[in-house]
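In what follows, a single structure is set out as C-alpha cells and then discussed.
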Amino acid sequence: MKPVPKILLERHGELIQSEGVTVVSHIQRQVGDWVVQTLMIKDCDVPFKYKRPQRFKSLLDHKVNLIYYPSKEVVGGFEIEIMQVVRVRRY
288 MKPVPKILLE
298 RHGELIQSEG
308 VTVVSHIQRQ
318 VGDWVVQTLM
328 IKDCDVPFKY
338 KRPQRFKSLL
348 DHKVNLIYYP
358 SKEVVGGFEI
368 EIMQVVRVRR
378 Y
C-alpha cells in the first residue's frame, strides 16, 4: 500500500509537497465556526492558509511537511497569491 501523500500527489497533479520547512509565523483566528490558520515559512514570502474546526498547538519554530496548491485571494481590492494547505504534519 502506498503512503497517503504519494496517493494524493498522483491523483491531483496540481498539488505540491514541501518537506522539512521551518515555520516562522503561525497565526490562528476565529472566522465563524472555523479557525483559520496562517503559516509563514522561512525563505518564502507567500502565506500558507488552511481551516480547522478548533485551535491547534502552535507550529512556530517547528519543521513541518506540507501538501498544498497555489491559489489567489482578494484582500482590499488586491489579488494576492496564497498557498492553500491540504495536509500539514510535523517533521
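Going from the sequence shown to our numbering is simple: count from 1 and add 287. All C-beta atoms, glycine included, are put in the ideal place defined by N, C-alpha and C. Quantities reported herein were computed from a predicted structural model and do not represent experimental measurements.
Using CA atoms only, rank isn't needed, just tell me which of the options is closest to residue i.
i: D348; options: K293, Y378, Q304 and I303; result: Y378
i: F343; options: K293, D332, R316 and K350; result: R316
Rounding to the nearest angstrom, what Cα-Cα distance links residue i and residue j in this structure?
i: T309; j: G364; result: 30 Å
i: G300; j: V372; result: 15 Å
i: Q341; j: E368; result: 25 Å
i: Y356; j: D330; result: 18 Å
DSSP state of residue i, grouped into three classes?
i: E306; result: strand
i: K350; result: strand
i: E368; result: strand
i: E301; result: coil
Thinking C-beta only, is residue j closer than 9 Å to residue i?
i: L353; j: H313; result: no
i: M370; j: K338; result: no
i: G319; j: V351; result: no
With a CB to CB cut of under 8 Å and the five nearest residues on each side skipped, what residues in its chain are close to residue i?
i: L302; result: L295, L296, I354, Y355, Y356 and V373
Which residues in the same chain as residue i place their Cβ atom closer than 6 Å to its Cβ, once the five residues preceding and following it in sequence are excluded?
i: I328; result: V308
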